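**Q** In terms of our numbering, the sequence shown has 28 at position 26, counting the first letter as 1, and numbering is strictly consecutive. The beta carbon of each residue, even a glycine, is placed where N, CA and C say it ideally should be. These numbers were taken from a predicted model, which means no experiment stands behind them.
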Amino acid sequence: MVKYALNCQSCQSEFEAWFSNSDAFDDQKERGLLSCPECGGSEIVKQIMAPAVSGTKKREVSQSPTVPLVQPGADLAKMMKAVREHIASTHEYVGADFAQKARAMHDGEIEEKPLWGEASMDEARSLIEDGVSALPLPEPFAPPKPVDQKKLN
Ligand SMILES: [Zn+2]
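(1) State whether the segment 35-52 contacts the segment 11-21, with contact taken as three or more CB pairs (one from each stretch) at a distance under 8 Å.
(2) Tell me the DSSP secondary structure of V47 in three-state form.
(3) Measure the alpha-carbon distance for M107 versus L129 and round it to whole angstroms.
(4) Quickly, what does DSSP pair C10 with across the bridge? List them, please.
(5) Could you please give the first and the last residue of the uninterrupted beta strand (DSSP E) stretch that includes L117?
(6) What does F17 pair with, by DSSP beta-bridge criteria?
(7) If we count Cβ pairs, one from each stretch, closer than 8 Å, do we get three or more for the segment 94-111 versus the segment 74-83?
(8) Run the proximity test for E40: is its beta-carbon closer than 8 Å to any non-hydrogen atom belonging to ligand 1?
(9) Taking C-beta to C-beta, are L8 and V47 nearer than 9 Å?
(10) Verify the CB distance criterion: does E32 have a CB-CB separation below 9 Å to chain D?
(11) I'd like the span of the beta strand (DSSP E) that includes E94, first residue to last.
(12) Hey, quick one: how far does the alpha helix (DSSP H) through R105 stretch, first residue to last?
(13) Between Q14 and ligand 1, is there a pair consisting of the residue's CB and a ligand heavy atom that are separated by less than 8 Å?
(14) Nearest-angstrom Cα distance between D132 and L139?
(15) In chain order, what residues of the same chain have a beta carbon less than 6 Å from the beta carbon of P145, not counting five sequence neighbours either side?
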């Protein structure tokens, strides 16, 4: 038996299901036998993760992109804190305006200064492709977001 974490493309709900082997998922999907327990949709995909397999391992399922991982020790925690404090004290937080502002700086439309903020994956990818100065900021290195003054007023 193989357990897969599944994802409904229609309503994005996540659920798990057991299959007799790793081919059974594809087989049942092809025959339209899979449906979402939430919305009944049939666009079901496997989540990107290794399945829990009991019995003989048939073949590797996951070909998902890898992400770097590290076990954080006390030293690393201290360094991450230093990075967060450095960014918070030297970079202006621009929130969701990051992509637009970074691009305007790149194009020489506004004065250059260090920024940090958020962008969608698509925006981030296009910034990097266009050579705009931007680097993915992993969560542990991201300072807490400053309180948005506009929202308070
Ligand atoms: Zn659904």
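**A** Straight from the coordinates:
(1) yes
(2) strand
(3) 12 Å
(4) I46
(5) 117-119
(6) L8
(7) no
(8) yes
(9) yes
(10) No chain D appears in the structure shown, which is made up of a single protein chain.
(11) 94-97
(12) 100-108
(13) yes
(14) 18 Å
(15) R86, I89, A90
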